[in-house]
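Comments concern the structure below.
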(Lines of atoms letter the chains of each structure in order from A and count residues from 1; the text may use other names and numbers.)
(Lines give C-alpha, C1' and ligand atoms only; values in the text may rest on other atoms or scores of the structure.)
Protein backbone atom coordinates (compact mmCIF):
# COMPACT_ATOMS: atom_id res chain seq x y z
CA UNK A 1 0.00 0.00 0.00
CA UNK A 2 1.76 3.12 -1.28
CA UNK A 3 -0.35 6.31 -0.82
CA UNK A 4 2.29 8.46 -2.52
CA UNK A 5 2.04 6.79 -5.95
CA UNK A 6 -0.86 8.91 -7.28
CA UNK A 7 1.13 12.02 -6.44
CA UNK A 8 4.48 11.18 -8.04
CA UNK A 9 4.41 13.95 -10.65
CA UNK A 10 3.28 16.67 -8.18
CA UNK A 11 6.01 15.47 -5.81
CA UNK A 12 8.74 15.61 -8.47
CA UNK A 13 7.61 19.00 -9.77
CA UNK A 14 6.95 20.36 -6.28
CA UNK A 15 9.13 22.52 -4.07
CA UNK A 16 11.04 19.56 -2.65
CA UNK A 17 12.58 18.52 -6.00
CA UNK A 18 11.65 21.39 -8.36
CA UNK A 19 11.97 19.23 -11.49
CA UNK A 20 10.75 20.83 -14.70
CA UNK A 21 8.49 19.40 -17.40
CA UNK A 22 11.42 18.93 -19.79
CA UNK A 23 13.36 17.04 -17.14
CA UNK A 24 10.40 14.75 -16.50
CA UNK A 25 10.55 13.77 -20.16
CA UNK A 26 14.04 12.46 -19.48
CA UNK A 27 13.01 10.57 -16.35
CA UNK A 28 9.79 8.71 -17.13
CA UNK A 29 10.97 6.83 -20.29
CA UNK A 30 13.65 5.04 -18.24
CA UNK A 31 10.97 2.94 -16.59
CA UNK A 32 9.57 1.80 -19.97
CA UNK A 33 12.84 0.35 -21.24
CA UNK A 34 14.01 -1.05 -17.90
CA UNK A 35 10.66 -2.78 -17.44
CA UNK A 36 10.87 -4.30 -20.92
CA UNK A 37 14.38 -5.65 -20.40
CA UNK A 38 13.83 -6.95 -16.88
CA UNK A 39 10.52 -8.58 -17.78
CA UNK A 40 12.25 -10.85 -20.28
CA UNK A 41 14.78 -11.88 -17.62
CA UNK A 42 12.09 -12.36 -14.96
CA UNK A 43 10.07 -14.64 -17.23
CA UNK A 44 13.09 -16.88 -17.71
CA UNK A 45 14.35 -17.13 -14.14
CA UNK A 46 11.14 -17.03 -12.07
CA UNK A 47 10.39 -20.76 -12.27
CA UNK A 48 14.04 -21.74 -12.10
CA UNK A 49 14.50 -19.70 -8.91
CA UNK A 50 11.30 -21.13 -7.35
CA UNK A 51 9.49 -17.77 -7.10
CA UNK A 52 10.40 -16.64 -3.57
CA UNK A 53 13.82 -15.09 -4.42
CA UNK A 54 12.18 -13.09 -7.22
CA UNK A 55 9.46 -11.87 -4.84
CA UNK A 56 12.18 -10.73 -2.43
CA UNK A 57 13.95 -9.00 -5.32
CA UNK A 58 10.69 -7.21 -6.11
CA UNK A 59 10.36 -5.96 -2.52
CA UNK A 60 13.99 -4.80 -2.46
CA UNK A 61 13.54 -2.94 -5.74
CA UNK A 62 10.43 -1.18 -4.40
CA UNK A 63 12.35 -0.25 -1.25
CA UNK A 64 15.20 1.15 -3.36
CA UNK A 65 12.69 3.20 -5.31
CA UNK A 66 11.28 4.72 -2.14
CA UNK A 67 14.68 5.51 -0.62
CA UNK A 68 15.82 7.28 -3.81
CA UNK A 69 12.61 9.32 -3.89
CA UNK A 70 13.21 10.47 -0.32
CA UNK A 71 16.93 11.21 -0.67
CA UNK A 72 17.50 12.08 -4.34
CA UNK A 73 17.01 15.35 -6.19
CA UNK A 74 18.90 15.33 -9.48
CA UNK A 75 17.65 14.04 -12.83
CA UNK A 76 20.25 11.25 -12.93
CA UNK A 77 19.22 10.00 -9.49
CA UNK A 78 15.57 10.05 -10.48
CA UNK A 79 16.41 8.08 -13.62
CA UNK A 80 18.00 5.49 -11.34
CA UNK A 81 14.77 5.52 -9.33
CA UNK A 82 12.80 4.73 -12.48
CA UNK A 83 15.17 1.86 -13.28
CA UNK A 84 14.61 0.38 -9.82
CA UNK A 85 10.88 0.80 -10.30
CA UNK A 86 11.13 -1.03 -13.63
CA UNK A 87 12.83 -3.96 -11.89
CA UNK A 88 10.13 -4.00 -9.21
CA UNK A 89 7.19 -3.97 -11.61
CA UNK A 90 8.78 -6.53 -13.94
CA UNK A 91 9.25 -9.04 -11.13
CA UNK A 92 5.61 -8.80 -10.02
CA UNK A 93 4.91 -11.88 -12.14
CA UNK A 94 6.65 -13.97 -9.47
CA UNK A 95 3.83 -13.17 -7.05
CA UNK A 96 1.18 -14.58 -9.38
CA UNK A 97 3.34 -17.56 -10.31
CA UNK A 98 3.92 -18.30 -6.62
CA UNK A 99 0.18 -18.32 -5.91
CA UNK A 100 -0.60 -20.62 -8.85
CA UNK A 101 2.21 -22.98 -7.86
CA UNK A 102 0.86 -23.25 -4.32
CA UNK A 103 -2.74 -24.24 -5.16
CA UNK A 104 -4.46 -26.92 -7.17
CA UNK A 105 -5.48 -26.16 -10.74
CA UNK A 106 -9.19 -26.45 -9.93
CA UNK A 107 -8.92 -23.31 -7.78
CA UNK A 108 -7.31 -21.10 -10.44
CA UNK A 109 -10.41 -19.02 -11.23
CA UNK A 110 -11.09 -18.11 -7.62
CA UNK A 111 -7.41 -17.58 -6.82
CA UNK A 112 -7.07 -15.26 -9.80
CA UNK A 113 -10.03 -13.18 -8.67
CA UNK A 114 -8.89 -13.09 -5.04
CA UNK A 115 -5.33 -12.02 -5.86
CA UNK A 116 -6.48 -9.35 -8.28
CA UNK A 117 -9.01 -8.13 -5.73
CA UNK A 118 -6.35 -7.97 -2.99
CA UNK A 119 -3.99 -5.91 -5.14
CA UNK A 120 -6.72 -3.58 -6.36
CA UNK A 121 -8.13 -3.11 -2.85
CA UNK A 122 -4.66 -2.26 -1.56
CA UNK A 123 -4.21 0.37 -4.26
CA UNK A 124 -7.69 1.71 -3.62
CA UNK A 125 -7.08 2.07 0.12
CA UNK A 126 -3.74 3.75 -0.60
CA UNK A 127 -5.44 6.24 -2.91
CA UNK A 128 -8.16 7.08 -0.39
CA UNK A 129 -5.67 7.47 2.47
CA UNK A 130 -3.31 9.59 0.42
CA UNK A 131 -6.08 11.84 -0.85
CA UNK A 132 -7.54 12.23 2.64
CA UNK A 133 -4.19 13.17 4.18
CA UNK A 134 -3.41 15.68 1.42
CA UNK A 135 -6.88 17.27 1.25
CA UNK A 136 -7.09 17.71 5.03
CA UNK A 137 -3.51 19.04 5.12
CA UNK A 138 -2.55 16.35 7.63
CA UNK A 139 0.52 15.32 5.62
CA UNK A 140 2.47 16.70 2.70
CA UNK A 141 3.72 14.70 -0.28
CA UNK A 142 7.09 14.00 1.36
CA UNK A 143 5.33 12.45 4.37
CA UNK A 144 3.28 10.26 2.02
CA UNK A 145 6.53 8.88 0.62
CA UNK A 146 7.70 8.06 4.15
CA UNK A 147 4.47 6.14 4.76
CA UNK A 148 4.97 4.26 1.48
CA UNK A 149 8.53 3.38 2.49
CA UNK A 150 7.33 1.90 5.80
CA UNK A 151 4.69 -0.11 3.92
CA UNK A 152 7.30 -1.49 1.53
CA UNK A 153 9.53 -2.49 4.47
CA UNK A 154 6.64 -4.50 5.94
CA UNK A 155 6.09 -6.15 2.55
CA UNK A 156 9.79 -7.11 2.44
CA UNK A 157 9.53 -8.77 5.86
CA UNK A 158 6.45 -10.72 4.74
CA UNK A 159 8.26 -11.80 1.56
CA UNK A 160 11.12 -13.19 3.65
CA UNK A 161 8.62 -15.18 5.73
CA UNK A 162 6.92 -16.83 2.75
CA UNK A 163 7.29 -20.64 2.64
CA UNK A 164 9.53 -21.99 -0.08
CA UNK A 165 8.08 -23.74 -3.13
CA UNK A 166 10.15 -26.90 -3.57
CA UNK A 167 10.48 -28.99 -6.71
CA UNK A 168 8.78 -31.93 -5.00
CA UNK A 169 5.81 -29.71 -4.19
CA UNK A 170 5.53 -28.69 -7.83
CA UNK A 171 5.77 -32.30 -9.02
CA UNK A 172 2.98 -33.37 -6.67
CA UNK A 173 0.49 -31.40 -8.76
CA UNK A 174 2.26 -31.93 -12.06
CA UNK A 175 -0.41 -34.36 -13.27
CA UNK A 176 -2.93 -31.53 -13.08
CA UNK A 177 -1.00 -29.37 -15.56
CA UNK A 178 0.61 -27.04 -13.05
CA UNK A 179 1.52 -23.84 -14.94
CA UNK A 180 4.81 -22.04 -14.81
CA UNK A 181 5.24 -18.26 -14.80
CA UNK A 182 4.41 -18.04 -18.49
CA UNK A 183 1.23 -20.09 -18.21
CA UNK A 184 0.05 -18.28 -15.10
CA UNK A 185 0.17 -15.00 -16.99
CA UNK A 186 -1.25 -16.32 -20.26
CA UNK A 187 -3.45 -19.37 -19.81
CA UNK A 188 -5.71 -18.65 -16.86
CA UNK A 189 -8.95 -19.01 -18.79
CA UNK A 190 -11.93 -20.07 -16.64
CA UNK A 191 -12.55 -23.80 -16.84
CA UNK A 192 -15.93 -25.00 -18.07
CA UNK A 193 -17.75 -28.01 -16.66
CA UNK A 194 -17.18 -29.97 -19.88
CA UNK A 195 -13.42 -29.52 -19.81
CA UNK A 196 -13.34 -30.38 -16.13
CA UNK A 197 -15.24 -33.62 -16.72
CA UNK A 198 -13.00 -34.48 -19.66
CA UNK A 199 -9.86 -33.85 -17.59
CA UNK A 200 -11.16 -36.00 -14.74
CA UNK A 201 -12.06 -38.90 -17.03
CA UNK A 202 -8.75 -38.65 -18.85
CA UNK A 203 -6.90 -38.69 -15.52
CA UNK A 204 -8.83 -41.80 -14.47
CA UNK A 205 -7.94 -43.59 -17.72
CA UNK A 206 -4.27 -42.68 -17.30
CA UNK A 207 -4.35 -43.90 -13.71
CA UNK A 208 -5.83 -47.25 -14.71
CA UNK A 209 -3.29 -47.60 -17.48
CA UNK A 210 -0.43 -46.83 -15.08
CA UNK A 211 -1.79 -49.31 -12.54
CA UNK A 212 -2.02 -52.06 -15.19
CA UNK A 213 1.50 -51.36 -16.36
CA UNK A 214 2.78 -51.45 -12.81
CA UNK A 215 1.11 -54.83 -12.16
CA UNK A 216 2.65 -56.24 -15.32
CA UNK A 217 6.08 -55.10 -14.24
CA UNK A 218 5.67 -56.69 -10.83
CA UNK A 219 5.03 -60.10 -12.38
CA UNK A 220 8.63 -60.29 -13.56
CA UNK A 221 11.38 -60.32 -10.89
CA UNK A 222 13.92 -58.82 -13.31
CA UNK A 223 11.66 -55.90 -14.11
CA UNK A 224 10.90 -55.39 -10.44
CA UNK A 225 14.61 -55.22 -9.63
CA UNK A 226 15.27 -52.84 -12.53
CA UNK A 227 12.47 -50.44 -11.53
CA UNK A 228 13.60 -50.48 -7.90
CA UNK A 229 17.18 -49.67 -8.83
CA UNK A 230 16.07 -46.84 -11.13
CA UNK A 231 13.96 -45.31 -8.37
CA UNK A 232 16.88 -45.48 -5.96
CA UNK A 233 19.17 -43.89 -8.51
CA UNK A 234 16.74 -41.03 -9.08
CA UNK A 235 16.41 -40.46 -5.35
CA UNK A 236 20.10 -40.66 -4.47
CA UNK A 237 21.67 -38.79 -7.40
CA UNK A 238 20.67 -35.10 -7.36
CA UNK A 239 20.63 -33.12 -10.56
CA UNK A 240 23.50 -30.70 -11.09
CA UNK A 241 22.84 -27.04 -11.87
CA UNK A 242 23.68 -27.67 -15.51
CA UNK A 243 21.20 -30.55 -15.68
CA UNK A 244 18.53 -28.47 -13.95
CA UNK A 245 19.00 -25.60 -16.40
CA UNK A 246 18.89 -27.95 -19.39
CA UNK A 247 15.77 -29.62 -18.01
CA UNK A 248 14.15 -26.23 -17.42
CA UNK A 249 15.00 -25.02 -20.94
CA UNK A 250 13.56 -28.19 -22.47
CA UNK A 251 10.39 -27.88 -20.37
CA UNK A 252 10.14 -24.16 -21.15
CA UNK A 253 10.42 -24.75 -24.92
CA UNK A 254 7.91 -27.59 -24.89
CA UNK A 255 5.38 -25.57 -22.88
CA UNK A 256 5.76 -22.55 -25.15
CA UNK A 257 5.15 -24.78 -28.16
CA UNK A 258 2.17 -26.41 -26.46
CA UNK A 259 0.62 -23.15 -25.28
CA UNK A 260 0.92 -21.13 -28.47
CA UNK A 261 -0.24 -23.93 -30.73
CA UNK A 262 -3.68 -23.14 -29.30
CA UNK A 263 -5.16 -20.33 -31.41
CA UNK A 264 -7.45 -19.14 -28.63
CA UNK A 265 -4.54 -18.70 -26.24
CA UNK A 266 -2.52 -17.05 -28.99
CA UNK A 267 -5.24 -14.47 -29.65
CA UNK A 268 -5.71 -13.75 -25.95
CA UNK A 269 -1.94 -13.48 -25.49
CA UNK A 270 -1.71 -10.93 -28.30
CA UNK A 271 -4.56 -8.93 -26.79
CA UNK A 272 -2.94 -9.23 -23.34
CA UNK A 273 0.38 -7.88 -24.64
CA UNK A 274 -1.19 -4.90 -26.42
CA UNK A 275 -3.65 -4.07 -23.63
CA UNK A 276 -1.05 -4.33 -20.89
CA UNK A 277 1.39 -2.21 -22.89
CA UNK A 278 -1.25 0.47 -23.33
CA UNK A 279 -2.32 0.40 -19.68
CA UNK A 280 1.25 0.63 -18.41
CA UNK A 281 2.05 3.58 -20.65
CA UNK A 282 -1.15 5.35 -19.62
CA UNK A 283 -0.37 4.73 -15.96
CA UNK A 284 3.15 6.03 -16.41
CA UNK A 285 2.22 9.29 -18.12
CA UNK A 286 -1.33 10.08 -17.01
CA UNK A 287 -0.20 12.04 -13.94
CA UNK A 288 1.91 14.19 -16.22
CA UNK A 289 -1.16 14.83 -18.39
CA UNK A 290 -3.22 15.77 -15.34
CA UNK A 291 -0.52 18.18 -14.20
CA UNK A 292 -0.48 19.85 -17.62
CA UNK A 293 -4.27 20.30 -17.54
CA UNK A 294 -4.40 21.25 -13.85
CA UNK A 295 -0.92 22.29 -12.59
CA UNK A 296 -0.45 21.24 -8.98
CA UNK A 297 2.01 24.04 -8.14
CA UNK A 298 -0.48 26.68 -9.26
CA UNK A 299 -3.18 25.16 -7.05
CA UNK A 300 -1.02 24.56 -3.96
CA UNK A 301 -0.96 20.78 -4.61
CA UNK A 302 -4.77 20.62 -4.28
CA UNK A 303 -5.18 17.76 -6.74
CA UNK A 304 -7.41 14.70 -6.59
CA UNK A 305 -5.20 12.06 -8.14
CA UNK A 306 -5.50 9.77 -5.13
CA UNK A 307 -9.29 9.86 -5.15
CA UNK A 308 -9.43 9.08 -8.86
CA UNK A 309 -7.04 6.15 -8.55
CA UNK A 310 -8.94 4.84 -5.52
CA UNK A 311 -12.31 4.88 -7.29
CA UNK A 312 -10.87 3.28 -10.43
CA UNK A 313 -9.18 0.43 -8.56
CA UNK A 314 -12.19 -0.09 -6.29
CA UNK A 315 -14.44 -0.62 -9.30
CA UNK A 316 -11.84 -2.97 -10.76
CA UNK A 317 -11.68 -4.95 -7.52
CA UNK A 318 -15.47 -5.32 -7.47
CA UNK A 319 -15.42 -6.60 -11.04
CA UNK A 320 -12.61 -9.07 -10.26
CA UNK A 321 -14.49 -10.42 -7.23
CA UNK A 322 -17.74 -10.79 -9.18
CA UNK A 323 -16.00 -12.86 -11.85
CA UNK A 324 -15.06 -15.48 -9.25
CA UNK A 325 -18.72 -16.47 -8.98
CA UNK A 326 -19.90 -15.87 -12.55
CA UNK A 327 -20.49 -19.01 -14.60
CA UNK A 328 -20.10 -17.82 -18.15
CA UNK A 329 -18.54 -19.27 -21.28
CA UNK A 330 -15.87 -16.66 -21.91
CA UNK A 331 -14.42 -18.80 -24.70
CA UNK A 332 -17.44 -17.80 -26.83
CA UNK A 333 -18.17 -14.22 -25.76
CA UNK A 334 -14.85 -13.20 -24.19
CA UNK A 335 -13.19 -12.13 -27.44
CA UNK A 336 -16.23 -10.10 -28.48
CA UNK A 337 -16.26 -8.30 -25.14
CA UNK A 338 -12.50 -7.70 -25.32
CA UNK A 339 -12.86 -6.13 -28.75
CA UNK A 340 -15.76 -3.87 -27.78
CA UNK A 341 -14.14 -2.68 -24.55
CA UNK A 342 -10.82 -2.10 -26.32
CA UNK A 343 -12.55 0.22 -28.81
CA UNK A 344 -14.21 2.03 -25.91
CA UNK A 345 -10.84 2.41 -24.16
CA UNK A 346 -9.33 3.86 -27.32
CA UNK A 347 -12.07 6.49 -27.50
CA UNK A 348 -11.56 7.33 -23.82
CA UNK A 349 -7.84 7.87 -24.35
CA UNK A 350 -8.57 10.11 -27.33
CA UNK A 351 -10.90 12.24 -25.23
CA UNK A 352 -8.30 12.46 -22.46
CA UNK A 353 -5.66 13.69 -24.87
CA UNK A 354 -7.91 16.41 -26.36
CA UNK A 355 -9.79 17.79 -23.37
CA UNK A 356 -8.68 20.60 -21.08
CA UNK A 357 -11.26 19.75 -18.40
CA UNK A 358 -9.60 17.92 -15.54
CA UNK A 359 -12.76 16.23 -14.24
CA UNK A 360 -13.64 14.88 -17.69
CA UNK A 361 -10.11 13.52 -17.93
CA UNK A 362 -10.49 11.98 -14.45
CA UNK A 363 -13.80 10.32 -15.42
CA UNK A 364 -12.37 8.84 -18.62
CA UNK A 365 -9.43 7.41 -16.68
CA UNK A 366 -11.71 5.79 -14.08
CA UNK A 367 -13.68 4.01 -16.80
CA UNK A 368 -10.49 3.03 -18.60
CA UNK A 369 -8.87 1.45 -15.53
CA UNK A 370 -12.04 -0.33 -14.38
CA UNK A 371 -12.65 -1.88 -17.80
CA UNK A 372 -9.02 -2.96 -18.07
CA UNK A 373 -9.17 -4.66 -14.65
CA UNK A 374 -12.32 -6.51 -15.73
CA UNK A 375 -10.88 -7.78 -19.01
CA UNK A 376 -7.47 -8.69 -17.61
CA UNK A 377 -9.17 -10.88 -14.99
CA UNK A 378 -11.13 -12.63 -17.73
CA UNK A 379 -7.94 -13.15 -19.72
CA UNK A 380 -6.26 -14.80 -16.77
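Residue numbers (the numbering used here): 53 to 432.
Ideal placement from N, C-alpha and C gives every residue a C-beta, glycine not left out.
Look at residue 343 here: in three-state DSSP terms it is helix. Contiguous alpha helix (DSSP H) elements confined to the segment 348-431 occur at 357-375, 382-406 and 410-431, taking only those with 4 or more residues. Under the three-state reduction of DSSP, residue 103 is assigned to coil, being neither helix nor strand. Looking at the backbone, the Cα of residue 400 and that of residue 295 are separated by about 51 Å. Apart from the 5 residues on each side of it in sequence, residue 69 sits with its Cβ closer than 6 Å to the Cβ of 125 in its chain, given in chain order. Under the three-pair Cβ rule at 8 Å, the segment 102-122 counts as touching the segment 201-208.
About 4 Å separates the Cβ atoms of residue 364 and residue 421, confirming a contact at the 8 Å cut-off. Residue 143: not part of any alpha helix (DSSP H); DSSP gives it neither H nor E. Between residue 216 and residue 299, the C-beta gap is not smaller than 8 Å, which leaves the two residues out of contact. Here DSSP, grouped into helix, strand and coil, assigns residue 133 to helix.
Beta-carbon to beta-carbon, residue 185 and residue 58 are separated by about 12 Å, too far to satisfy the 8 Å threshold. Here residue 299 carries a helix assignment [DSSP, helix/strand/coil].
A residue is called buried once 16 or more other Cβ atoms fall within 10 Å of its Cβ, and residue 338 is buried on that count. Counting only the Cα atoms, residue 53 lies some 7 Å from residue 200.
For residue 101 and residue 166, the gap between their C-alpha atoms comes out near 25 Å.
Here residue 116 is not near residue 94, since their CB atoms are 8 Å or more apart.
The shortest CA-to-CA distance from residue 328 to any of 390, 76, 187 and 402 is the one to 390.
Using a Cβ distance threshold of 8 Å, residue 183 and residue 358 count as a contacting pair. In this structure, residue 148 lies away from residue 160, with their beta-carbon atoms at least 8 Å apart. At a cut-off of 3 residues, not a single continuous stretch assigned as beta strand (DSSP E) sits fully inside the segment 59-129. With respect to residue 175, residue 367 sits apart: the two C-beta atoms are not nearer than 8 Å. In this structure, the beta-carbon distance from residue 87 to residue 128 does not fall below 8 Å. A residue is called buried once 16 or more other Cβ atoms fall within 10 Å of its Cβ, and residue 424 is buried on that count.
In this structure residue 342 is in contact with residue 410, their Cβ atoms being roughly 7 Å apart against a cut-off of 8 Å.
The beta carbon of residue 203 sits closer than 7 Å to those of 53 and 54, all from its chain and outside the five residues before and after it, given in chain order. When 392, 340 and 164 are compared, the shortest CA-CA separation from residue 373 is found for 164.
Around the Cβ of residue 408, a 10 Å sphere holds fewer than 16 other Cβ atoms; the residue is exposed.
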